[in-house]
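Enquirer: Just so you know, the sequences run in chain order A and B.
Numbering that gives the first Met the number 0 puts the first residue of the first sequence at 0, with every later residue one more than the last.
Numbering that gives the first Met the number 0 puts the first residue of the second sequence at 0, with every later residue one more than the last.
Each residue gets a CB set at the ideal place from its N, CA and C atoms; glycine is no exception.
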Amino acid sequence: MDGQLNWFKGGLLLGAAFLLAVAFVNPIGVSTQFVIADGIIWNLFSDTVIQKDTANKSGYASPNAYLNKSGGKYAKNVAKPLNYSFVFVIAMVIGAFLSARLGGPHPTTQDRIAPEPWRTRFGQNPVPRYVTVFLAGVLVLFGARLAGGCTSGHMMSGMMQTSLSGYLFALGTFAAAVPIAVLVYKRI
Amino acid sequence: MTIFLAIILGIFFGFALQRVGATNPANIINMLRLTDLHLMKAIFFAIGLSSTLLFVLMSIGVIDPGHLSVKSSYVGVIVGGAIMGVGFAVAGYCPGTGLTALADGRKDALFFVCGGLLGALIYTLVYGSIKNTWLFNNIAGGKVMLATGSDTFQALLPAIPGTLLAVGIGIAFMIIAWILPKKV
Chain A
0 MDGQLNWFKG GLLLGAAFLL AVAFVNPIGV STQFVIADGI IWNLFSDTVI QKDTANKSGY
60 ASPNAYLNKS GGKYAKNVAK PLNYSFVFVI AMVIGAFLSA RLGGPHPTTQ DRIAPEPWRT
120 RFGQNPVPRY VTVFLAGVLV LFGARLAGGC TSGHMMSGMM QTSLSGYLFA LGTFAAAVPI
180 AVLVYKRI
Chain B
0 MTIFLAIILG IFFGFALQRV GATNPANIIN MLRLTDLHLM KAIFFAIGLS STLLFVLMSI
60 GVIDPGHLSV KSSYVGVIVG GAIMGVGFAV AGYCPGTGLT ALADGRKDAL FFVCGGLLGA
120 LIYTLVYGSI KNTWLFNNIA GGKVMLATGS DTFQALLPAI PGTLLAVGIG IAFMIIAWIL
180 PKKV
């Protein structure tokens with residue numbers, strides 16, 4: 000596709016992004032921010048989900064065990080979302096937008112509904128694609144949170160640091176993803 | 000200051016993902032069904048290069064080892080990875096590329112992100128009832144690295160000097176990137 004970098008230039012750019020992030024602040028991670036976004040929405044409808052609590056390490060607490068984990072770390076990020084990790088993820092979307100506008104690869108109208116391998120296998124109707132991809136999203140974020148990170152946190156940042164968790168995650172992911180992709184989309 | 004860095008680094012990462020074609024689910028699907036490995040080559044090269052430079056720059060004192068953040072290893076990492084892998088293969092999106100694909104104007108990415116928000120919410124709600132199960136049993140002591148570069152994290156292979164091991168792995172990754180065929 001026009002505007003797409005080859006593996007070498009693309010790899011250089013991605014590698015530089017990981018290295019600069021860890022050099023200046025922290026390794027990159029994305030999936031936690033889905034929890035924070037949920038928490039922000041939940042907090043709009045609830046007076047009790049996030050509370051100030053000086054007994055907790057972060058100064059915030061939640062009756063929900065996950066948001067209250069690690070001294071209320073997530074509870075604090077829900078209460079104060081203008082932190083490094085959340086802003087980073089929003090900036091990622093802006094970065095992708097700039098790339099698309101400045102000569103990056105452009106999807107066709109059909110590509111914007113479903114990618115080419117899907118259309119070849121399952122046709123042009125958008126509804127099955129949207130339903131499937133919604134359910135896939137549920138699995139992806141549930142799995143990533145159970146694993147404690149996703150492709151960027153475990154696989155990229157983790158393996159860069161030679162973290163054992165990164166290797167275990169990659170093992171689990173590819174052991175499931177490759178057979179499923181072959182089964183669903185075939186090899187042709 | 001860190002907010003400013005978050006904006007710059009986030010834009011750079013999102014730009015890189017879009018440019019390498021990772022926001023296009025066709026590329027992910029073709030990588031996973033092993034027909035087009037250009038993304039796999041890019042990922043191997045990116046990890047190998049950044050790992051090599053990270054450990055070299057830490058050993059000469061340019062990068063502060065305090066910036067390292069190693070995640071814990073436990074059974075759920077493998078199980079969760081496999082659950083993620085199923086959705087990843089079907090959708091062609093992972094959490095980061097699904098979000099950045101919104102910037103391409105991809106409508107299916109919007110459904111993916113909404114599903115993701117629901118999946119993360121379900122996990123948030125069930126965590127309390129699974130947190131004391133075998134899923135969270137540590138593997139090899141939890142927060143371990145193959146090669147340590149800091150005092151905070153234990154090395155899995157302490158007999159080999161950390162920088163040497165990490166650079167060795169990094170170079171091996173770059174060689175793999177080089178020799179993997181692009182099209183299969």
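#1: Tell me the start and end of each unbroken alpha helix (DSSP H) in the segment 103–177 of chain B that is at least 4 residues and wholly inside, in chain order.
#2: How is lysine 182(B) classed by DSSP in three states: helix, strand or coil?
#3: When you compare the CB positions of leucine 8(B) and phenylalanine 87(A), do they come within less than 8 Å of one another, or not?
#4: At a Cβ cut of 9 Å, what residues of the segment 5–16 of chain A count as close to chain B, listed as they run along the chain?
#5: Let me see if you follow: with CB-CB separation under 8 Å, is aspartate 103(B) close to chain A or not?
#6: Answer with buried or exposed for lysine 130(B), where buried requires no fewer than 16 other C-beta atoms within 10 angstroms of its C-beta.
#7: Are the CB atoms of valine 221(A) and leucine 4(B) nearer to each other than 8 Å?
#8: I believe valine 208(A) touches glycine 152(A) by the beta-carbon criterion, under 8 Å. Please report the beta-carbon distance rounded to the nearest angstrom.
#9: So the candidates are Met159(A), Gly136(A) and Phe141(A); which of them puts its Cα closest to the Cα of methionine 214(B)?
#10: Is the segment 100–111 of chain A touching the segment 7–25 of chain B in the sense that three or more CB pairs, one from each, lie closer than 8 Å?
#11: Starting from valine 86(A), trace the alpha helix (DSSP H) in both directions and tell me its first and last residue.
#12: Report the residue from Ala175(A), Ala78(A), Gln123(A) and Ala113(A) whose alpha carbon sits nearest the alpha carbon of aspartate 46(A).
#13: Could you check whether leucine 117(B) and valine 177(A) sit closer than 8 Å to each other, using their CB atoms as the reference points?
#14: Would you give the residue range spanned by the alpha helix (DSSP H) that methionine 30(B) belongs to?
#15: Candidates Leu38(B), Ile2(B), Leu52(B) and Leu156(B): which alpha carbon is nearest isoleucine 182(B)'s?
#16: Just the chain B side, please: which residues come within less than 7 Å of proline 116(A) by C-beta, in chain order?
#17: Pair every Cβ in the segment 3–15 of chain A with every Cβ in the segment 122–131 of chain A, then say whether three or more of these pairs are closer than 8 Å.
#18: Along chain A, which residues have their Cβ under 9 Å away from the Cβ of valine 143(B)?
#19: Can you tell me the Cα-Cα spacing of glycine 140(B) and serine 72(B), whole angstroms?
#20: Is there a Cβ of chain B sitting closer than 8 Å to that of glycine 63(A), yes or no?
#21: On a CA-only basis, which of Leu53(B), Ala100(B), Gly127(B) and Gln17(B) is nearest valine 166(B)? Give me that one, please.
#22: Less than 8 Å between the C-beta atoms of serine 97(A) and phenylalanine 14(B), yes or no?
#23: For aspartate 35(B), write down the residues that DSSP places opposite it in a beta bridge.
#24: Report the three-state DSSP secondary structure of serine 72(B) (helix, strand or coil).
#25: Find the residues of chain A that neighbour lysine 182(B), judging by a C-beta separation of less than 7 Å, and give them in chain order.
Expert: Let me spell this out:
#1: Qualifying alpha helix (DSSP H) stretches, in chain order: 106–129.
#2: It is a strand residue.
#3: Between leucine 8(B) and phenylalanine 87(A), the gap from beta carbon to beta carbon is short of 8 Å.
#4: Flagged, chain order: Asn5, Trp6, Phe7, Lys8, Gly9, Gly10, Leu11, Leu12, Leu13, Gly14, Ala15 and Ala16.
#5: The beta carbon of aspartate 103(B) sits closer than 8 Å to some beta carbon of chain A.
#6: By the 10 Å Cβ count, lysine 130(B) comes out exposed.
#7: No statement about residue 221(A) is possible, as the shown extent of chain A runs from 0 to 187 and does not include it.
#8: This structure gives no information on residue 208(A), because the portion of chain A shown stretches from 0 to 187.
#9: As shown, chain B starts at 0 and ends at 183. That puts residue 214(B) outside it, with no answer to give.
#10: Enough Cβ pairs lie closer than 8 Å, so yes.
#11: Valine 86(A): member of the alpha helix (DSSP H) spanning 83–100, first to last residue.
#12: Comparing Cα-Cα distances from aspartate 46(A) to each of Ala175(A), Ala78(A), Gln123(A) and Ala113(A), the minimum goes to Ala78(A).
#13: Not in contact: valine 177(A) and leucine 117(B) (Cβ atoms no closer than 8 Å).
#14: It spans 24–31 - the alpha helix (DSSP H) in which methionine 30(B) sits, taken as one unbroken run.
#15: Here the sequence assigns lysine to residue 182(B), which means isoleucine is not the residue at that position. Ranking Leu38(B), Ile2(B), Leu52(B) and Leu156(B) by Cα distance to lysine 182(B) puts Leu38(B) first.
#16: Chain-ordered, the chain B residues with CB closer than 7 Å to the CB of proline 116(A) read Ala25, Ile28 and Asn29.
#17: Too few Cβ pairs lie closer than 8 Å, so no.
#18: Neighbours of valine 143(B) on chain A, chain order: Ser162, Leu163 and Ser164.
#19: If you take the alpha carbons of glycine 140(B) and serine 72(B), they lie about 8 Å apart.
#20: One point to set straight first is that residue 63(A) is asparagine, not glycine, in the sequence displayed. Interface residue, yes.
#21: Closest option to valine 166(B), Cα to Cα, is Leu53(B).
#22: Rather than serine, the amino acid found at residue 97(A) in this sequence is leucine. Yes; because the gap between Cβ atoms is below 8 Å, this pair is in contact.
#23: For aspartate 35(B), which the question treats as bridged, DSSP gives the partners Lys182(B).
#24: Here serine 72(B) sits in coil by DSSP.
#25: Close to lysine 182(B), with beta-carbon spacing below 7 Å, lies no residue of chain A; the smallest spacing is near 12 Å.
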